[in-house]
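In case it helps, our numbering puts the sequence shown at residues 5 to 240.
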Amino acid sequence: MKLLSLVLGFSLLLLPHLSHASLQSLIDLKSPFELSSLPYPANSLEPFIDSETMLIHHDLHHQGYVKALNENLKKKGVSMMDIFNSASQKSEKVRNNAGGHWNHTFFWDILSRDESSNTMPKSLEKEIAETFGSVKKFKTDFEAKGKELFGSGWVWLIRNTKGRLEITATPNQDNPLMNDVLVRGIPILGADIWEHAYYLKYRNERVKYLSNFWNVVNWKRVNEYSEESRDIKLKQ
Ligand SMILES: [Fe+2]
Numbered sequence: 005m006k007l008l009s010l011v012l013g014f015s016l017l018l019l020p021h022l023s024h025a026s027l028q029s030l031i032d033l034k035s036p037f038e039l040s041s042l043p044y045p046a047n048s049l050e051p052f053i054d055s056e057t058m059l060i061h062h063d064l065h066h067q068g069y070v071k072a073l074n075e076n077l078k079k080k081g082v083s084m085m086d087i088f089n090s091a092s093q094k095s096e097k098v099r100n101n102a103g104g105h106w107n108h109t110f111f112w113d114i115l116s117r118d119e120s121s122n123t124m125p126k127s128l129e130k131e132i133a134e135t136f137g138s139v140k141k142f143k144t145d146f147e148a149k150g151k152e153l154f155g156s157g158w159v160w161l162i163r164n165t166k167g168r169l170e171i172t173a174t175p176n177q178d179n180p181l182m183n184d185v186l187v188r189g190i191p192i193l194g195a196d197i198w199e200h201a202y203y204l205k206y207r208n209e210r211v212k213y214l215s216n217f218w219n220v221v222n223w224k225r226v227n228e229y230s231e232e233s234r235d236i237k238l239k240q
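Structure (structure tokens):
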């Protein structure tokens, strides 16, 4: 396993970096899609998310979604939002792998162990407290949503189509940008609830993984996404 980590770690150095981190640029990503490198060293989220999990998650799982998406989509110049706007008409392979690629690209970007990023900016804190009662209540509700999700999926904090913050969950690799999900909106925070995201370290303790997740949230980035999400409109 150590050798695998070494090989995967080296391969990270060869990947392109995602140059734009705006939410709009993630939505506008176009085919053929490519895997960008993690925006930080794989061990930098320790001890809350271990290096080996990060390497396998990024280099094998995420890479797998990118490869399968390109193989099944075949066309060039198709944007992520083109796919999500007609997700209900896409094949399962395109839908699942497009979701897999977008969700993970987004996920890496909202994580950090940099202290200056781990503090929630006041404006976001205020809106979260006004919406959910308090930041503590928001975190409890978010964790509960992850706990009650049956099987694999994602828990999200979104700005819904009415412009309000809302917690929602999606199964598999679905996300709130897709045209046929129960609650649509712009993701500003997401937690991967697939076992591959936590099983090596947390085994079956999903709740523990989720409660530790708060230690690695890049609130600075989430706040940027929150502000940007006010101007992004979903096609009906
Ligand atoms: Fe994942």
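Cβ coordinates follow ideal geometry from the N, Cα and C atoms, glycine included.
Pair within 7 Å by beta-carbon distance, residue i and residue j
i	j	result
H61	H200	yes
L181	F37	no
N101	L73	yes
G189	N164	yes
V220	R117	yes
L161	I171	yes
H105	V70	yes
S156	W198	yes
The beta strand (DSSP E) enclosing residue i, as first and last residue numbers
i	result
R163	157-164
A195	189-196
L169	169-175
Expected contact under 8 Å - CB spacing of residue i and residue j to nearest Å
i	j	result
N107	Q28	At roughly 17 Å, the Cβ-Cβ gap does not stay under 8 Å, so N107 and Q28 are not in contact.
A215	E147	Looking at the sequence provided, one finds Ser at residue 215 rather than Ala. Yes, they are in contact, since the Cβ atoms of S215 and E147 sit about 6 Å apart, within 8 Å.
V159	A195	5 Å
L193	I114	6 Å
Distance cut-off 6 Å: residue i Cβ against heavy atoms of ligand 1
i	result
D54	no
D196	yes
A201	yes
Start and end residues, alpha helix (DSSP H) containing residue i
i	result
L27	27-31
H108	96-113
Y44	Element bounds for Y44: n/a, residue is neither H nor E.
G68	67-77
N216	210-217
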